[in-house]
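Undergrad: Start counting the sequence shown at 37; every next residue gets the next number (the numbering used here). For glycine and all other residues, C-beta sits at the position ideal for the given N, C-alpha and C. Dropping a structure here in structure tokens format, bear with me for questions.
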Amino acid sequence: MTSPAHNTPTHNTPSDMTALRDAVATGTTTAESICAGMLAVTAERNTEINAFHEVFAEHALEAARRVDSDARAGRPLPPLAGMPIAIKDNVATTLGRTTCSSRMLENYRSPFDATAVERLAHAGAVVMGKTNMDEFAMGSSGEHCKWGPVRNPWDSSRVPGGSSAGSAAAVAGGMCAAAIGSDTGGSIRQPASFCGIVGLKPTYGRISRWGLVAFGSSLDQIGPMTRSVRDAALMLDVMSGIDERDSTTADRPPTELAKTVERPIEGLRVGIPRQYMSDANDSEVNAAVNAAADAYRALGATIVSVELPLTDVGISTYYVIAPAEASSNLARYDGIRYGHRAQLQPGEDLFTLYARSRSEGFGPEVQRRIMLGTYMLSSGYYDAYYKRALQVRRRIKQEFDQAFTACDVLLGPTAPTPAFGFGANSDPLAMYLCDVYTVNTNIAGICGVSIPAGFAERNGKHLPIGVQLQANAFEEDRLLRAARMLERALAATTGAHAPKA
Ligand code: GLN
């Protein structure tokens, strides 16, 4: 592993959001200058990187100026005062459009803000723009987007990962202070890994899904994509907590992890699932996990080997449950109730209108998932596929519970490889395998985070590698404290741009 000497994604390594916020609060800098700086980077880089499809420059600057005048007047500032945050385009905002990077919703304007967005705004954050994604959050590369492919700021000949591609690229490229993404099977953690940032998939029910366009409702979670673990803690604190508009939110108060995240865990037990250290992973990926394990040992943690034999069946289970739920969730886009409406010729009937609207509005991957899901839910196949997948789902959760009796957190790769080139995984099955280490977190409803842990070198460029930590449901405190311990230890050896606290 090497340090990023010659290519870095940003012009100068930016501070994390916590540091920026503190600098505004103490008057060292102004929210306006932070915002203007990020808008300038965006203006310079977005044409190439294509992280955003809409940027609300004036809105962001005005909000930043209001924060500055509050600061000058000595009024207390909320925790994210003036921080420009990028929002994945499947999260509803009244500002701009919410397109899911699909022709189906290309002109959709939401009449309401998602709860997560509302809570960010309440904490003083500024919605800076909407980020590009794989259509309806289906994908692992950011290539399948109505607004064109997103590029990786570390090497623009490679993908940023997906589906929260634009959010990851915007954070890594210095275009915003932080972002939110959504994770149904890895879409926060895998692009975070490819782009060298922190990506947290919270426990199912931790953050309201109200206003998140549904893909796989029993798997979807919104989460932070940030430059540091403490930023992820801060954003989770702001967004988490019960919401009466989403009956699947857990009846728990918002987290208060920003207070505890710096505290190392005494006697931490880190489990490495044997099945995660596959020879099929790129060698630098396994080396990064081993280096992370060494760093934990040096901090006094115990490393234990654990077994997760159902790791391999995660992908097949996920690709039954997620398409089944998607086929039902996406039934509303028929050109009548929602979405793109096709032109009819005189004499053509309603059925033709539905079929043509959906054929024109959805891209090939979304159509593939709808067909798969519809097939697997049809009578005669339901028991063979869907019911079976639900049984395996239960076993996967039990297997995690068993593993967590031997350790506090699990450590492993986030993805089997670093960022790949455009078109490298054009076979859908090859693309699906990118998520082998992330889907089970969602299937089991537990929490996981990817943090930068080193680099691979390809054609003279440094490509970030992330490692993933997972913890049991509602163990985000443990998860993020363990992640912070590792981040602090690795920052010295990898040159990863974590803040020095
Ligand atoms: N890559 C996975 C998929 O295509 C996961 C997507 C996600 O987490 N939104 O479904």
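1. With a Cβ-Cβ cutoff of 8 Å, do residue 241 and residue 291 count as a contact?
2. Drop a sphere of 10 angstroms on the beta-carbon of residue 373, count the other beta-carbons inside from all chains shown, and report buried for 16 or more, exposed for fewer.
3. Does the separation of the CB atoms of residue 127 and residue 150 fall below 8 Å?
4. Can you tell me where the alpha helix (DSSP H) with residue 227 in it begins and where it stops?
5. Quick one: what's residue 166 bridged to in DSSP?
6. Going by DSSP in three states, residue 498 sits in which element: helix, strand or coil?
7. Can the beta-carbon of residue 195 be found closer than 8 Å to that of residue 179?
8. Given this structure, state the Cα-to-Cα distance separating residue 409 from residue 252, to the nearest angstrom.
9. At 3 residues or longer, what runs of the beta strand (DSSP E) sit wholly inside the stretch 242–277?
10. Expressed to the nearest angstrom, what Euclidean distance is found between the alpha-carbon atoms of residue 482 and residue 238?
11. Is the separation between the beta-carbon of residue 199 and that of residue 169 shorter than 8 Å?
12. What did DSSP end up calling residue 144 once you bin it into helix, strand or coil?
13. Could you check where the beta strand (DSSP E) with residue 308 kicks off and where it finishes?
14. Let's see if you can read the secondary structure: which residues bound the beta strand (DSSP E) around residue 216?
15. Opposite residue 374 in the DSSP bridges: which residues?
16. Put residue 469 into one of helix, strand or coil per three-state DSSP.
17. Give me the Cα-Cα distance between residue 381 and residue 145, rounded to the nearest whole angstrom.
18. Tell me, which residues are paired with residue 235 by DSSP?
19. Could you tell me if the beta carbon of residue 539 falls within a distance shorter than 7 Å of some heavy atom in ligand 1?
20. Can you give the Cα-Cα distance for residue 137 and residue 181, rounded to whole angstroms?
21. Tell me which residues share the same chain as residue 101 and place their Cβ nearer than 6 Å to its Cβ, disregarding the 5 neighbours each side in the sequence.
22. Taking only heavy atoms of ligand 1 into account, decide whether any of them is closer than 7 Å to the Cβ of residue 555.
23. So what does DSSP say about residue 314, is it helix, strand or coil?
24. Could you check the C-alpha separation between residue 261 and residue 389 for me, to the nearest Å?
25. Who are the near neighbours of residue 218 in its chain, counting only those whose CB is closer than 8 Å to its CB and skipping five residues on each side?
26. Nearest-angstrom Cα distance between residue 385 and residue 379?
27. Within 10 angstroms of its Cβ, does residue 315 collect 16 or more other Cβ (buried), or is it exposed?
28. For ligand 1, any of its heavy atoms closer than 7 Å to the Cβ of residue 353?
29. Give the DSSP-derived three-state secondary structure of residue 493 in the structure shown.
30. Does the beta carbon of residue 477 fall short of 7 Å from some heavy atom of ligand 1?
31. Inspect the beta-carbon positions of residue 298 and residue 492 and report whether they are closer than 8 Å.
32. Would you tell me roughly how many angstroms separate the C-alpha atoms of residue 287 and residue 281, rounded to the nearest one?
33. Can you pull the DSSP bridge partners for residue 191?
34. Let me check understanding here. Comparing Cα to Cα, which of 107, 245 and 309 lies closest to residue 472?
35. What does the alpha-carbon distance come out to for the pair residue 266 and residue 132?
36. Cβ-heavy atom distance between residue 387 and ligand 1 below 7 Å?
TA: Straight from the coordinates:
1. no
2. Exposed, because fewer than 16 other Cβ atoms sit within 10 Å of the Cβ of residue 373.
3. With respect to the 8 Å criterion, residue 127 and residue 150 are classified as neighbours on the basis of their beta carbons.
4. 225–231
5. 90 and 123
6. Strand.
7. Cβ atoms of residue 195 and residue 179: closer than 8 Å.
8. 11 Å
9. 257–262
10. 7 Å
11. Yes, Cβ-Cβ distance for residue 199 and residue 169 is below 8 Å.
12. Collapsing the DSSP output to three states places residue 144 in coil.
13. 305–309
14. 214–219
15. 369
16. helix
17. 28 Å
18. 261 and 486
19. Since the displayed the chain opens at 37 and closes at 537, residue 539 lies outside it and no answer follows.
20. Taken atom to atom, the span from the alpha-carbon of residue 137 to that of residue 181 is near 5 Å.
21. 68
22. Since the first residue of the chain shown is 37 and the last is 537, residue 555 is not available in this structure.
23. coil
24. 39 Å
25. Cβ-Cβ distances below 8 Å link residue 218 to 124, 126, 127, 173, 199, 200, 224, 248, 251, 256, 257, 258 and 259 in the same chain, with the five nearest sequence neighbours on each side left out; the list follows chain order.
26. Near 11 Å, if we compare the C-alpha coordinates of residue 379 and residue 385.
27. exposed
28. no
29. Correct three-state label for residue 493: strand.
30. Answer for residue 477: no, Cβ out of range of ligand 1.
31. Not a contact, by the Cβ cut-off of 8 Å.
32. 12 Å
33. 188
34. Looking from the CA of residue 472, the closest CA among 107, 245 and 309 belongs to 309.
35. 29 Å
36. no
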